[in-house]
Structures are given as structure tokens and as C-alpha cells.
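Colleague: Okay, handing you the structure first.
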Amino acid sequence: MHRVKVTVVEEALDANNTIAAANRADFERHGVRVINFMSAPGAGKTTLLEQVVRDLDDVRVGVLEGDVQGSMDADRLASLHIPVTQLNTDPSFGGECHLDANMVRSAIPSLPLEEIDLLVVENVGNLVCPAEFRIGEDTRVMVCSVTEGEDKPLKYPLMFRACELVIINKIDLLPHLEFDLEKLLRNIDQVHPGVETILLSARTGEGIGAWREWLVRAATQEHERVPA
Amino acid sequence: MHELSLSSAIINTAVKHAGGRRVTAVNLRVGRLRQVIPDTLEFYFEFVARDTLCEGATLAQQVIDARLRCRPCALEWEIEIPAFRCPTCGGSEVEIATGNEFEVESIEVEEAACIASK
Chain A
-4 MHRVKVTVVE
6 EALDANNTIA
16 AANRADFERH
26 GVRVINFMSA
36 PGAGKTTLLE
46 QVVRDLDDVR
56 VGVLEGDVQG
66 SMDADRLASL
76 HIPVTQLNTD
86 PSFGGECHLD
96 ANMVRSAIPS
106 LPLEEIDLLV
116 VENVGNLVCP
126 AEFRIGEDTR
136 VMVCSVTEGE
146 DKPLKYPLMF
156 RACELVIINK
166 IDLLPHLEFD
176 LEKLLRNIDQ
186 VHPGVETILL
196 SARTGEGIGA
206 WREWLVRAAT
216 QEHERVPA
Chain B
9 MHELSLSSAI
19 INTAVKHAGG
29 RRVTAVNLRV
39 GRLRQVIPDT
49 LEFYFEFVAR
59 DTLCEGATLA
69 QQVIDARLRC
79 RPCALEWEIE
89 IPAFRCPTCG
99 GSEVEIATGN
109 EFEVESIEVE
119 EAACIASK
């Protein structure tokens, strides 16, 4: 036996990106726009969807709910009478901490693509891994809440750079926190200059209108899309 | 924690190019912007490689510095912290020159000696 060197020069995530492109082609064929919705656990993703999905003008929205285990979030959203599909990462790889293109591919047959215009994929709560894996989305949105600390953009630059919109949630809590909002916005600007931001409170409803309008524009294809 | 999934991606790529041969080494280029911890990646790589053609293979990681380039003023500079505005013009039209790599550069495989060769 002897050893031979084989030149590869291939991005290790190419396989995932190829499947993501196939997912996107499937969504496009049905005229469905897709948002990859990401945040740390507890930032308010599900509540932010609950607040708007019933009232998106004529946009028909569906949700693909990614969780390691359980269907608590999916049950909350299904009670609003919108199509919700649960995707648990647990059975496949012992509880992946993110969705990847292949997991979303496996869920496509159970998605009512003919009945929706917009699919929001609620990713597993995590600020690291979801930023690495494209799933076939047109746009990526992350939620950052003011209880998380101003330094998060500097600690998780991959995530803050991977999205086209940063939602800053729980601003109703600002009077009770020693939180420097200007510093957070400066840090976001350092890591991802020019990224769009929306300040809101999912609890009081302040700023929710801007989020609703953003989603309607996403469904009506007015946003810039990330390359496939 | 993403090192576990990244290990699987590396191994899948290596196995794809191994042509059924046993892999003894994987040479990886990792940009600093990927936020990969080399020791953690090595730990998971060894674990995930079990029962694959990569079992027992070494993982060599070449770390690539993060360099940015400002399109309007053509300045190129290295960053130690994730600050993506141009330090000269303050602009945001900044592209990543290097540091975003996560690339299997080459692999080393075992091959039976060719009898016909002299």
C-alpha cells in the first residue's frame, strides 16, 4: 500500500447548498417565497408569528416549525388556523441544533405549497449553526431581544451577517433593563453595515405594523433575494 | 457546537472524492470568519469518522486570516474583530477577500501498489 494525495478543493458545505438550490426551485415552481426565521432560544420567534399571521392582507402564509423535540410551537400556531408543519430534528441525527437543506427537503411533500404564498421556516433556536446552513430560502430574518445583551452581534457575527433583516424584540422591557440600545445598533452596524432593522415589542404590539408590512412585501416579491 | 455538523460535511466531501479508498488525511482550509474552534472540530471529526472511510484519518487545518476589501477605496486590511466598515472611508461596500473558506483542499488515500510500474 502507498499513499496518494487527491486534490479536492471543494467547499465542505457544497452538498448542502446544492440541495438548498433544489428546494428553492421547488418553492419557486409553486410561487412560494420562503423566509428562514432564526434567533436564540426565547427571543420571541413564535410570538412574533402569532402576532401577524392572521392579518397579512391577502397573503396566505404557512409555517414550517423546526424544533429538536416536541410540537408546542406548532400547536400554538395551528390554533390560529394557518397550515403548520412540524419538523423535528431529533429522529434523524440525535437532535440537530439547526435545520439543514436535506431536512427541509424531507418536509416538502407534506407542505401545502398550492395553498400558500409565503412559507416561514422557524429554525431551531440557536445563534450559531443555523447561520451555516442554507435551506432554500429567499430571505433570512433574525430576532435579537434586548434581554440578550448589546455585545451579541460581536459574539455571533456569522448570524448577524447572514440575515437581511434584524428584528429587535422586547423593547417594552427597556425601562427595566440596563441596556444600551444605541450600543446594540452600533454593534449591528459594525458587523453588518446597512442591514435593515425593526424595533418592536411582540407583547405590547409596538412596531408590529412594520414587521407585518415587511412580511407582506416579502410575499409579494419586493425584497432583494439572496443568491440561490 | 456547529463543529459536529461541520465534521459530517467534511467527511461526506472526503468520502465522495476517495473513490472507495481508505482516507489517511484530510487537509482543510478554514477561514477565521467561520468561527470554527480547531480542537473542537478535531474532536468531532475523529468521532464522526468512525465506521467511515475516514476512520483514523488525521485532520490538518490551515487557518486563513480574515481580510476585507473596500470596493470604493480599494483598501485591503486584516481584521481581528468582526468590524466590517471601511476604516478609511467608513463605507459599507466591503467584501470579504479571505477568511470565509471552509474547504477540503485535498485528501490522502491508501492505494495498492501498482504491479505494472517499474
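The listed protein sequences correspond, in order, to chains A and B.
All the letters of the first sequence, read from the start, carry residue numbers -4 to 223 under this note's numbering.
All the letters of the second sequence, read from the start, carry residue numbers 9 to 126 under this note's numbering.
Each residue gets a CB set at the ideal place from its N, CA and C atoms; glycine is no exception.
Bear in mind the structure is a predicted one, so any value in this text is a computation, not a measurement.
Kindly give me the distance between the Cβ atoms of arginine 24 of chain A and glutamine 216 of chain A, rounded to whole angstroms, as I take these residues to be in contact under 8 Å.
Modeller: Not a contact, Cβ separation roughly 15 Å.
Colleague: To the nearest angstrom, how far is it from the Cα of arginine 100 of chain A to the Cα of histidine 187 of chain A?
Modeller: 29 Å
Colleague: Taking the beta strand (DSSP E) that threonine 192 of chain A belongs to, which residues open and close that run?
Modeller: 191 to 194
Colleague: Let me confirm a value: glycine 252 of chain A is counted as buried when at least 16 other C-beta atoms fall within 10 Å, else exposed. Which label applies?
Modeller: The question about residue 252 of chain A has no answer here: the residues shown for chain A are numbered -4 through 223.
Colleague: Run through the DSSP bridge pairs and tell me what glycine 39 of chain B is partnered with.
Modeller: B/Ile72
Colleague: Using the Cα positions of leucine 172 of chain A and glutamate 54 of chain B, report the straight-line distance between them to the nearest angstrom.
Modeller: 44 Å
Colleague: Does the beta carbon of proline 127 of chain B come closer than 8 Å to any beta carbon on chain A?
Modeller: This structure leaves residue 127 of chain B out entirely; chain B is present only between 9 and 126.
Colleague: The beta strand (DSSP E) spanning serine 66 of chain A covers which residue range?
Modeller: No beta strand (DSSP E) holds serine 66 of chain A; DSSP gives it neither H nor E.
Colleague: If glycine 39 of chain B sits next to alanine 74 of chain B, beta carbons under 8 Å apart, how far is it from one beta carbon to the other, in whole angstroms?
Modeller: 7 Å
Colleague: When DSSP builds the beta bridges, which residues end up paired with tryptophan 85 of chain B?
Modeller: B/Leu76
Colleague: From glutamate 109 of chain B to aspartate 50 of chain A, what does the alpha carbon distance come to, in whole angstroms?
Modeller: 42 Å
Colleague: Any beta carbon from chain A within less than 8 Å of serine 125 of chain B's own beta carbon?
Modeller: Below a pLDDT of 50, predicted positions are generally treated as unreliable, and serine 125 of chain B, at 49, falls in that range; the measurement from the model is reported next regardless. No, because no Cβ of chain A sits closer than 8 Å to the Cβ of serine 125 of chain B.
Colleague: Identify every residue that forms a DSSP beta bridge with glutamine 81 of chain A.
Modeller: Assignment of beta-bridge partners to glutamine 81 of chain A by DSSP yields A/Glu60.
Colleague: Comparing the C-beta of histidine -3 of chain A with each C-beta of chain B, is any distance below 8 Å?
Modeller: At least one chain B Cβ lies under 8 Å of histidine -3 of chain A.
Colleague: If we define contact as Cβ-Cβ less than 8 Å, is isoleucine 18 of chain B a contact residue for chain A?
Modeller: yes
Colleague: Confirm, please, whether the CB-CB distance from alanine 16 of chain A to glutamate 111 of chain B is below 8 Å.
Modeller: Not closer than 8 Å, so no.
Colleague: Under 7 Å, CB to CB, which of the residues in the stretch 118 to 134 of chain A have a partner in chain B?
Modeller: Within the stretch 118 to 134 of chain A, the qualifying residues are Val123, Cys124 and Glu127.
Colleague: Alpha helix (DSSP H) containing leucine 153 of chain A: first to last residue?
Modeller: Leucine 153 of chain A -> alpha helix (DSSP H) spans 152 to 157.
Colleague: From serine 34 of chain A to alanine 10 of chain A, what does the alpha carbon distance come to, in whole angstroms?
Modeller: 24 Å
Colleague: Can you find a CB in chain B that lies within less than 8 Å of the CB of glutamate 23 of chain A?
Modeller: Chain B places no beta carbon closer than 8 Å to that of glutamate 23 of chain A, leaving this residue out of the contacts.
Colleague: Which residue's Cα is closest to the Cα of alanine 82 of chain B: B/Glu101, B/Gln69, B/Ile89 and B/Pro90?
Modeller: Checked all of B/Glu101, B/Gln69, B/Ile89 and B/Pro90; the closest Cα to alanine 82 of chain B is B/Glu101.
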